Each structure stands twice: as structure tokens, then as C-alpha cells.
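Trainee: My structure is below; once you've seen it, I'll send some questions.
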Amino acid sequence: MQRFVGETQAWPEKRPAGERARDFLEIHREFIAEKASIQAARCAQCGVPFCQFHCPLQNNIPDWLKLTADGRLEEAYRAAAATNPMPEICGRICPQDRLCEVACVLEQSKHGAVTIGAVERYLTEAAWSEGWVDAISPRLERAESIGIVGAGPAGLAAAERLRQRGYRVTIYDRHDRAGGLLIYGIPNFKLEKHLVMRRVERLRAGGVSFELNCNVGETISLNEVRSRHDALLIATGVYKAKPLNAPTHRSVVPALEFLIAANRIGLGDEVADFANGRLNAKDRRVVVIGGGDTAMDCVRTAQRQGAESVICLYRRDRTNMPGSQREVVHAEEEGVTFDWLAAPKSVRGGKSPAVKAVRMRLGAPDASGRQTPEEVQDSAYELSSDLVITALGFDPENLSAWGLETTREGTLAVNRRFETSLSGVFAAGDIVRGASLVVWAIKEGRDAADAVHDWMRTQARMAAQ
Ligand SMILES: Cc1cc2nc3c(=O)[nH]c(=O)nc-3n(C[C@H](O)[C@H](O)[C@H](O)COP(=O)(O)OP(=O)(O)OC[C@H]3O[C@@H](n4cnc5c(N)ncnc54)[C@H](O)[C@@H]3O)c2cc1C
Ligand code: SF4
């Protein structure tokens, strides 16, 4: 261990930008065993592992790095899987530069962090190919049944935990495939879909039931679902696109509509709005408005669809954008242009469609300490564009019909035990936190599952008295 002095930071090989910008395959190849082991051996084995504190799942990172460096891969995998039901997924899509890796002391001391996510991905892929990923087999079967609304990472993580405890578990989802944003939001070049389906199949094989194409609130009422189960967990995510506060044209497309269509095409589905060009960037001048990770996914998808040009318009500068810096680098390499410190004023359709924009500068910090963007006078300009995509974040859909208490932001209000205002109804993931990260959804899904179990045991004790 502690080989950081002689060995530099390294990632698995990144495919050349020209090659990867023409397909939807993941951009990194697999780590080769030797490289993964050397990278893991760079770990300083800190007595106080900041990486672990900065991982929402509190993964035992130094332990599985040491085991990987020692060639004890199965044990390394088991240590990683003990706290994370989908390590290969987090290894791929966690923004490590804002989580575990930013906290690595090697990063702080300018040696470059251990590439923790890449090692996590490597050892879990090794586990899949070596057959170390265990089937879900509860030690006892319980008669009680738990319903979960939403098959995203929060719902899937909760389902695994509850099924392992022996509960009968049914997940309801309005989509035709399970996985939530892992399937329909995050593009294939970040997370190939067979990896998600493999996890879903494992749950199915372990006895979890899925009722897909079932929109709770439309296909079936929340009360009806509730009456079928002893407890219910709501993990429905947030899907209402934040609007552009400017006059727009009807041709403007919300990010998720564009990304869902692209993911469906990748999965072999027919999408009428892709075929008729509405959600297809091919040969078009694309402007994406926003500076978060969803905007990065849109620009990189548009580039791969064969857009004539792709510009990302964002009102702050590069340093102050909310998205991951690594994603910006990938996008730039793939040919995307960034127009920093620029804000849209309106979108024009018709024969010469364009985004009218103005230049911005960063002013005084607001209450949160973030510098407020201000308009630069007489700086108006136009960007010709025949496909404008807005990626300005998400709000919860209106849940008032469910009769549950909500917060000011419209998310579901829960107490520290993930209980909503209705007895036996719990909630977790983005529908509680607001738009967040997969790793947080997994963490909350697992914790909420434990809370459901505690509640069930309390109910059983009370009934027995
Ligand atoms: C484009 C995009 C890219 C992202 N990229 C990343 C990334 O790279 N890394 C990262 O960590 N995070 C990323 N995120 C965020 C991450 O995907 C979410 O934080 C995470 O998926 C939330 O998990 P969840 O289970 O709470 O909700 P979701 O994944 O949204 O799943 C909710 C599920 O509930 C279902 N549902 C909703 N309402 C109903 C209903 N009424 N009845 C039945 N089913 C219903 C939905 O169909 C969906 O399947 C991204 C988000 C987006 C939009
Ligand atoms: S789950 Fe995410 S934050 Fe935690 S160690 Fe893995 S990559 Fe880092």
C-alpha cells in the first residue's frame, strides 16, 4: 500500500473521443487487473478515512482497496457489497469528484485521488463474471407483504433489503421496464442498460414481484395498493421539469423527454417523436439550456445522434456550474461547445429559429454564498438553433390526490424513520430529498427498508399483547 509516491492516478482507458461520440457504448473500457491492483495499492490507508465519510453509503473503501491490492478480489467484492447493493452502478455514475474521491487525502495533497469508483466497478464486474454475486435467498419466509411504488434505485435497494429479510415484496412502476432513471434517464454511454437489467433479474429470481405499466393514482389508486400490503414504501422520484422563465416556442423540448426517447431507441423501442424528428438531434443545430448533469447528458446524446452543432448555454461560469467537471471535459472532447455566462431571453420558432440570449456576469454572493448572475447591459445576441432542450432541474409532480403531507417544495414529508403522514406508508429517494443522486437514493431505500422492518416488528408486538 501507500504506492502513491511512485504510481500516478489512473483511470481505465477512455475510448478516443472521435470513436465514442459516434456510438452509445460506455466511454471507459474495463480496468485491466494489474492496473486496478496498482491503483488500489496507492491508497494511504488513513486512520481516519475521509473518503468513507464522504460516501453516502459509508462504504469501507480503504478495506476493499487493500483487499484488491492484495489480489483477494472475492473478499474485496464482499466488503463492497456489504454496504452497497449495486457497487458496479455507483462505480460508474457517482460523481466521485464531488463525493469519495474529492475527500481522498491524496487529492488534498495534490497526488491525485485513488480512482475509487473505477476500482469499485472493476471488482464488482469481476464478481459477476466469477459467480460471486449471491442469489437473494432469505433465511426465513414471512407472511407479511410490502408494496413499493417506484422501481428506481431507491425502490430496488429497498426491495432487496426487505426480500432478504423474508418479506413478500411487490414493486409497482408506471414504466414498462424497472430501473427508473437508471433505465430511462441516464444515457447508455454512462451506464449500459444490461447492467441495470441484470440487477432487476436478480431481484426477480430472488422472489420480488414487479407490476409494470401500473401508474399508481391512475391504473390503481394509492388506497387500493395500500390495502393489498401490510406496509407501503413510496419511491416515485421527481419528474416535473422546471420551466424556462422566458417566452418560448412550442418546439422547445424538456430534457427528460429527449433522454427517454434516446434511451428507448437504444433499447430497440419505436418512438414516433424520434422517427418524425421532434426528439432527434440528427443534422440539427442544438442548444441545451442548463449547467447540471442532465444538461451534460443531453449535449452528449445530441452529439452522438449526429447533430450539426451542439451548444450548452449556462448563466454562470465553468467553476460555478452544478454539474460534474469530469462530464464537461468528456463533452468538450466529444465536440460540444460551452457558452458560459449566458442566459436565454426567449426562443423563436418559424423559418429562422433561434435562442435570443444575453451575456451575464457574476455579482455579489446570495444568502447561500453563491455569486448571483447579473445581466450585462446591451449584450443581447442570438444563437441559431432548430432544437432547443431545457435542462433546468426537476420538481415533484402534484401528489395532493394521495392525501399525504408534503413539504414547501412539494416533496413528501417524512420523519426520521421515513414515515409519511399516513400510518404504514413510508417514502424515500428523490421524492423525499428532491432531485439528487443514485447513491443517495440507494442509501435512503436501504434505510427506509430497515425502518419498515422495525415498524412491522412493532406492529406484530402490539398485536401480540
Ligand atoms: C438525466 C439524468 C441523469 C442523471 N445522472 C445521474 C448520474 O450520473 N449519477 C447520479 O448519481 N445521479 C444521476 N441522476 C439522478 C438519479 O438518477 C436520481 O437521483 C435517482 O434515480 C433517484 O432515484 P429514485 O429511486 O428516488 O427515483 P427514480 O429513479 O426517478 O425512480 C422513480 C420510479 O418511480 C416510478 N413512478 C413515478 N411515479 C409513479 C406512479 N405514480 N406510479 C408508479 N410508478 C411511478 C417512475 O416510473 C420511476 O421508475 C440523473 C438524473 C437524471 C434526470
Ligand atoms: S458509492 Fe459512490 S461515493 Fe461511495 S465509494 Fe462508490 S463511487 Fe464513491
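According to the working numbering, the sequence shown is numbered sequentially starting from 0. Cβ atoms here follow ideal geometry from the backbone N, Cα and C, with glycine treated the same way. The model shown is predicted, which means the values in this text are computed figures rather than measured ones.
#1: Cβ atoms of residue 74 and residue 64: under 8 Å apart, would you say?
#2: Can you pull the DSSP bridge partners for residue 1?
#3: Considering only residues of the region 229 to 309, which uninterrupted beta strand (DSSP E) runs meet the minimum length of 3 residues and lie entirely inside it, listed in chain order?
#4: Got a sec, what are the start and stop residues for the alpha helix (DSSP H) residue 67 sits in?
#5: Quick check on the DSSP output: the beta strand (DSSP E) that includes residue 344 runs from which residue to which?
#6: As a quick check of your reading: which residues have a C-beta less than 6 Å from at least one non-hydrogen atom of ligand 4, in chain order?
#7: So is the beta-carbon of residue 45 under 7 Å away from any non-hydrogen atom of ligand 1?
#8: Is residue 184 close to ligand 1? I mean its beta-carbon at under 7 Å from any heavy atom of the ligand.
#9: In this structure, does DSSP put residue 27 in helix, strand or coil?
#10: Confirm, please, whether the CB-CB distance from residue 148 to residue 231 is below 8 Å.
#11: What number of angstroms, rounded off, separates the C-alpha of residue 407 from the C-alpha of residue 29?
#12: In the DSSP assignment, the beta strand (DSSP E) including residue 209 goes from what residue to what residue?
#13: Please state if the CB of residue 137 and the CB of residue 95 are separated by a distance shorter than 8 Å.
#14: Which residue's Cα is closest to the Cα of residue 446: 83, 277 and 212?
#15: On the premise that residue 245 lies in contact with residue 343, defined as a C-beta separation below 8 Å, what is that separation, rounded to the nearest angstrom?
#16: By the three-class DSSP mapping on this structure, what secondary structure does residue 147 have?
#17: Take the Cβ of residue 464 as the centre, count every other Cβ of all protein chains shown within 10 Å, and call the residue buried at 16 or more, exposed below.
#18: Per DSSP, what are the beta-bridge partners of residue 383 in this structure?
#19: Please report the residue range of the alpha helix (DSSP H) in which residue 121 lies.
#20: Any heavy atom of ligand 1 inside 7 Å of the beta-carbon of residue 150?
#21: With distance defined between alpha-carbon atoms, name the residue in 135, 80 and 241 nearest to residue 434.
#22: The alpha helix (DSSP H) with residue 224 in it runs from where to where?
#23: By Cβ distance, which residues of its chain are closer than 7 Å to residue 260, with the 5 residues on each side in sequence left out?
#24: Quick one, are the C-beta atoms of residue 186 and residue 258 less than 8 Å apart?
#25: Is residue 345 close to ligand 1? I mean its beta-carbon at under 7 Å from any heavy atom of the ligand.
#26: Shorter than 7 Å, the distance from the beta carbon of residue 215 to the closest heavy atom of ligand 1, or not?
#27: By Cβ distance, which residues of its chain are closer than 8 Å to residue 134, with the 5 residues on each side in sequence left out?
#28: Under 7 Å: does the beta carbon of residue 293 sit that close to some heavy atom of ligand 1?
#29: Would a C-beta distance cut-off of 8 Å place residue 118 and residue 8 closer than the cut-off?
#30: Is it the case that the Cβ atoms of residue 452 and residue 180 are separated by a distance below 8 Å?
#31: With a cut-off of 8 Å, do at least 3 Cβ pairs link the region 95 to 107 to the region 41 to 51?
#32: Taking only three categories from DSSP, how would you classify residue 313?
#33: Could you give the C-beta distance for residue 441 and residue 126, rounded to a whole number, given that I count them as a contact under 8 Å?
#34: Shortest alpha-carbon distance to residue 189 belongs to which of 97, 299 and 40?
#35: Under 7 Å from any heavy atom of ligand 1, does the C-beta of residue 135 make it?
#36: Would residue 248 pass as a contact of residue 348 if the rule is Cβ separation under 8 Å?
Mentor: According to the data block:
#1: Reading the sequence shown from its first residue, position 65 is the one you call residue 64. Reading the sequence shown from its first residue, position 75 is the one you call residue 74. Not a contact, by the Cβ cut-off of 8 Å.
#2: As a working note, residue 1 is residue 2 in the sequence shown. Partner(s): none; residue 1 has no beta bridge.
#3: 230 to 233 and 284 to 288
#4: As a first step, residue 67 is located in the sequence shown; it is residue number 68 there, counting from the start. Run containing residue 67: 60 to 68, per the alpha helix (DSSP H) assignment.
#5: Numbered from 1 along the sequence shown, position 345 holds the residue referred to as residue 344. Taken as a continuous stretch (DSSP letters only), the beta strand (DSSP E) holding residue 344 covers 341 to 347.
#6: Questions concerning ligand 4 fall outside what the structure shown contains, since the ligands it does hold are ligand 1 and ligand 2.
#7: As a first step, residue 45 must be located in the sequence shown, where it is residue number 46. Using a cutoff of 7 Å, the CB of residue 45 does not count as near ligand 1, since none of the ligand's heavy atoms is closer than that.
#8: What you label residue 184 is simply residue 185 of the sequence shown in a count that begins at 1. Taken from the Cβ of residue 184, at least one heavy atom of ligand 1 lies inside 7 Å.
#9: Position 28 of the sequence shown, counted from the start, is the residue given in the question as residue 27. Strand.
#10: The sequence position of residue 231 within the sequence shown is 232, counting from 1. The sequence position of residue 148 within the sequence shown is 149, counting from 1. Yes, the pair counts as a contact, with Cβ atoms nearer than the cut-off.
#11: Taking the sequence shown and counting its residues from 1, the one referred to as residue 407 is at position 408. Taking the sequence shown and counting its residues from 1, the one referred to as residue 29 is at position 30. Each residue's Cα considered, the two are about 44 Å apart.
#12: Mapped onto the sequence shown, residue 209 falls at position 210. That run of the beta strand (DSSP E) goes 208 to 210.
#13: One-based indexing of the sequence shown puts residue 95 at position 96. One-based indexing of the sequence shown puts residue 137 at position 138. No. Outside cutoff.
#14: If you number the sequence shown from 1, residue 446 lands on position 447. The candidate whose alpha carbon is nearest that of residue 446 is 83.
#15: For the purposes of this step, residue 343 is taken as the residue at position 344 of the sequence shown. For the purposes of this step, residue 245 is taken as the residue at position 246 of the sequence shown. Residue 343 to residue 245, Cβ: 5 Å. Contact.
#16: Position 148 of the sequence shown, counting from 1, holds the residue named residue 147. Three-state DSSP puts residue 147 in a strand.
#17: Residue mapping note: residue 464 aligns to position 465 of the sequence shown, counting from 1. With fewer than 16 Cβ atoms within 10 Å of its Cβ, residue 464 is classed as exposed.
#18: Reading the sequence shown from its first residue, position 384 is the one you call residue 383. The partner list for residue 383 (beta bridge, DSSP) reads 353.
#19: Along the sequence shown, read from residue 1 onward, the residue named residue 121 stands at position 122. According to the DSSP assignment, residue 121 belongs to the alpha helix (DSSP H) that extends over 115 to 129.
#20: As a first step, residue 150 must be located in the sequence shown, where it is residue number 151. Indeed, a heavy atom of ligand 1 lies less than 7 Å from the Cβ.
#21: Residue numbering aside, residue 434 sits at position 435 when the sequence shown is read from its first letter. Selected option, being the one with the closest Cα: 241.
#22: Reading the sequence shown from its first residue, position 225 is the one you call residue 224. Taken as a continuous stretch (DSSP letters only), the alpha helix (DSSP H) holding residue 224 covers 221 to 227.
#23: As a first step, residue 260 must be located in the sequence shown, where it is residue number 261. Once the five neighbours on either side are set aside, the close Cβ partners of residue 260 are 270, 272, 273 and 278.
#24: Within the sequence shown, numbered from 1, the residue matching residue 186 stands at position 187. Within the sequence shown, numbered from 1, the residue matching residue 258 stands at position 259. Yes, they are a contact pair.
#25: In the sequence shown, counting from the first residue as 1, residue 345 sits at position 346. False, no ligand heavy atom lies under 7 Å from that Cβ.
#26: Here residue 215 refers to the residue found at position 216 when the sequence shown is read from its first residue. Because some heavy atom of ligand 1 lies under 7 Å away, the Cβ of residue 215 counts as near it: yes.
#27: On the sequence shown, residue 134 is found 135 positions in, with the first residue counted as 1. Cβ neighbours of residue 134 beyond the five flanking positions: 201, 204 and 205.
#28: What you label residue 293 is simply residue 294 of the sequence shown in a count that begins at 1. Correct: residue 293 has its Cβ closer than 7 Å to ligand 1.
#29: For this step, residue 118 is matched to residue 119 along the sequence shown. For this step, residue 8 is matched to residue 9 along the sequence shown. It is not a contact, given that the beta carbons lie outside the stated cut-off.
#30: As a first step, residue 452 is located in the sequence shown; it is residue number 453 there, counting from the start. As a first step, residue 180 is located in the sequence shown; it is residue number 181 there, counting from the start. No, these two residues do not count as a Cβ contact at 8 Å.
#31: Note that the region 95 to 107 touches the region 41 to 51; at least 3 beta-carbon pairs, one per stretch, sit closer than 8 Å.
#32: As a first step, residue 313 is located in the sequence shown; it is residue number 314 there, counting from the start. DSSP, read as helix, strand or coil, puts residue 313 in coil.
#33: Numbered from 1 along the sequence shown, position 442 holds the residue referred to as residue 441. Numbered from 1 along the sequence shown, position 127 holds the residue referred to as residue 126. With a Cβ gap of about 17 Å, residue 441 and residue 126 do not count as contacting.
#34: To locate residue 189, count along the sequence shown from 1; it is residue 190. Answer by Cα proximity: 299.
#35: The residue given as residue 135 occupies position 136 in the sequence shown. Not so, every heavy atom of ligand 1 lies at least 7 Å from the Cβ.
#36: Locating residue 248 in the sequence shown gives position 249, where the first residue counts as 1. Locating residue 348 in the sequence shown gives position 349, where the first residue counts as 1. Yes, the pair counts as a contact, with Cβ atoms nearer than the cut-off.
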